[in-house]
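S.K.: My questions all concern the structure below.
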Amino acid sequence: MKLTMDRETISANLGRVIFLGVDYRHPYEKDKGYDEEKIEGVTLHIGCERLADSIDVVVETLEPLDIPKFANLEFEGLSYDPYATVSTFNMDGATRSRGVLTERFRCIRVGAEGTLGRKPEDIQAAGGDVAKGKK
69 MKLTMDRETI SANLGRVIFL GVDYRHPYEK DKGYDEEKIE GVTLHIGCER
119 LADSIDVVVE TLEPLDIPKF ANLEFEGLSY DPYATVSTFN MDGATRSRGV
169 LTERFRCIRV GAEGTLGRKP EDIQAAGGDV AKGKK
């Protein structure tokens, strides 16, 4: 079940969304080690006001992010795609099973509020700060 979230849905379910950090995955070769120049994956760590917790969002765009810490975020194509798994284990000679809901968030692009879809040159031309996305 994949749910696409628009701006109103994000606001209603997650509240204010702020940037906490980002992890980049780099390709690894046994003889060369990690290639820091290439990016294989981007995982964004965000704080959600309504959840009172943080969540991870996988970003499909494989480019370094230029977002200041604790900036309000806006998303393009944010989706919620949960799935269930079952863990089976033996306890006191009896087989037990336990279901676990794994929450998965993905988006196409992410940016500081007011910068998504705008070029840095346009923000600077309007007399704004690129890092804050303000004009």
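Numbering (the numbering used here), first residue to last: 69 to 203.
Built from N, CA and C at the ideal position, the CB exists for glycine as well.
(1) For the beta strand (DSSP E) containing Glu144, name the first residue and the last one.
(2) Taking the beta carbon of Thr163 as the centre, do at least 16 other beta carbons fall within 10 Å, making it buried, or is it exposed?
(3) DSSP three-state label for Arg118, please.
(4) My output table needs one value for Thr111: the three-state DSSP class, helix, strand or coil.
(5) If you run the structure through DSSP and keep just helix, strand and coil, what is Ile176?
(6) Does Thr170 pass the burial test, meaning 16 or more other C-beta atoms within 10 Å, or should it be called exposed?
(7) Whole angstroms is fine: what's the gap from Val178's alpha carbon to Phe157's?
(8) Assuming Phe138 contacts Phe173 (C-beta within less than 8 Å), just tell me the rounded distance between them.
(9) In this structure, how does DSSP classify Arg164 when only helix, strand and coil are distinguished?
(10) Pairing CB atoms from the segment 75–82 with CB atoms from the segment 93–111, are three or more of them under 8 Å?
(11) Which one or two residues does DSSP pair with Met11 in a beta bridge?
(12) Out of Ser122, Lys100, Gly145 and Pro150, point me to the one whose CA is closest to Val90's CA.
M.R.: Let me lay it out:
(1) Following the DSSP letters along the chain, one finds Glu144 inside the beta strand (DSSP E) bounded by residues Leu141 to Glu144.
(2) Thr163 is exposed by the Cβ-count criterion.
(3) Three-state DSSP puts Arg118 in coil, outside helix and strand.
(4) Looking at Thr111 - three-state DSSP - the assignment turns out to be strand.
(5) DSSP, reduced to helix, strand and coil, places Ile176 outside both helices and strands of the structure shown, so it counts as coil.
(6) Exposed.
(7) Cα-Cα distance, rounded: 40 Å.
(8) Rounded to the nearest angstrom, the Cβ distance from Phe138 to Phe173 is 19 Å, too far for a contact under 8 Å.
(9) Per DSSP, reduced to three states, the secondary structure at Arg164 is strand.
(10) Too few Cβ pairs lie closer than 8 Å, so no.
(11) Past the edges of the chain, shown from 69 to 203, lies residue 11, and the structure says nothing about it.
(12) Per the Cα distances, Ser122.
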